[in-house]
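Take the sequence shown: its letters are residues 1 to 178, numbered as in UniProt numbering.
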Amino acid sequence: MSLRTLFSIVLKILGLLLIKDFLLAVFQILIVVFTMSPSLETCVLYAVVTVINGLLPYLFIFKSELIINVLKLDGGFDEDTIALNMHRSTMFGLCVIIVGGYMVASEVPVLVRLVFVIYQEKNELSATNPNVGYLLLSVAKIFVGLILMGFQRPIANLLEINRRHNTPAFDDEDEEAE
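See the structure below:
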């Protein structure tokens with residue numbers, strides 16, 4: 001299996017996870033629209049949030065090759081294919097990218113929702129200082145996820161350095177398998 005195929009599979013799985021967030025957002029918006037009769041401006045914002053939350057799963061599931069090309073996920077690896085005897089640094093790099101991708105994929109819908117809530121608090125509730133703490137936390141999570149995906153090689157090397165300096169006696173068997 002090639003790295004490109006693996007990343008395509010992982011992105012499609014993340015897209016499936018995003019469908020959950022999309023459906024949750026749609027149901028919440030429908031409840032608000034039918035029970036609270038919001039203004040036209042709020043309905044437009046609901047539509048924008050719905051489109052963004054619907055676009056993300058579409059991109060992850062049907063345009064995974066585009067995401068792989070834009071983020072250059074398959075670059076920076078020594079091996080082009082995945083086998084059972086994969087080198088540890090390659091495995092660490094894959095794990096770092098998967099974790100970073102999951103962080104970004106799970107936090108983008110939260111960020112969109114928080115931006116909408118803050119906008120709604122400012123305009124409809126006339127709040128002068130809405131709480132932006134959760135918004136900043138969400139942005140930080142996305143930033144960390146992007147950093148993990150972008151700098152997977154140095155992070156994997158950092159994990160390898162720790163292993164090289166603390167090699168236990170039983171680790172010799174693992175190196176023979178590599």
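Positions of the beta carbon are idealized from the N, C-alpha and C atoms, including for glycine.
{"Query": "Neighbourhood of Phe22 by C-beta distance below 6 Å, restricted to the same chain and skipping five residues each side", "Result": "Asn53, Gly54 and Pro57"}
{"Query": "DSSP state of Ser2 mapped onto helix, strand, coil", "Result": "strand"}
{"Query": "Buried versus exposed call for Val70 [16 or more other C-beta atoms within 10 Å across all chains shown]", "Result": "exposed"}
{"Query": "Range of the contiguous alpha helix (DSSP H) that encloses Gly145", "Result": "Gly133 to Gly150"}
{"Query": "Secondary structure of Thr81, DSSP reduced to three states", "Result": "strand"}
{"Query": "Ile31, buried or exposed, once every other Cβ within 10 Å from all chains shown has been counted against 16", "Result": "exposed"}
{"Query": "Boundaries (first-last residue) of the alpha helix (DSSP H) holding Glu124", "Result": "No alpha helix (DSSP H) holds Glu124; DSSP gives it neither H nor E."}
{"Query": "Check whether Val26 and Gly101 have beta carbons under 8 Å apart", "Result": "no"}
{"Query": "Boundaries of the alpha helix (DSSP H) in which Gly54 is found, first to last residue", "Result": "Leu40 to Phe62"}
{"Query": "C-beta contact flag for Ser2 and Thr50 at 8 Å", "Result": "no"}
{"Query": "Beta-carbon proximity of Ser89 to Asn157, cut-off 8 Å", "Result": "yes"}
{"Query": "Distance, Phe92 Cα to Gly133 Cα", "Result": "32 Å"}
{"Query": "Alpha-carbon spacing of Ala83 relative to Thr35, whole angstroms", "Result": "54 Å"}
{"Query": "C-alpha distance - Ile147 paired with Glu79, whole-angstrom precision", "Result": "22 Å"}
{"Query": "Selected residue, minimal CA-CA separation from Leu6, among Phe62, Val117, Val112 and Leu73", "Result": "Leu73"}
{"Query": "Buried versus exposed call for Gly145 [16 or more other C-beta atoms within 10 Å across all chains shown]", "Result": "buried"}
{"Query": "Residues of its chain near Pro130, where Cβ-Cβ distance is below 7 Å and the 5 sequence neighbours each way are ignored", "Result": "Ile118, Glu121 and Lys122"}
{"Query": "Neighbour flag for Ile19 against chain D, beta carbons, 8 Å", "Result": "Among the chains in the structure shown there is no chain D, since it carries only a single protein chain."}
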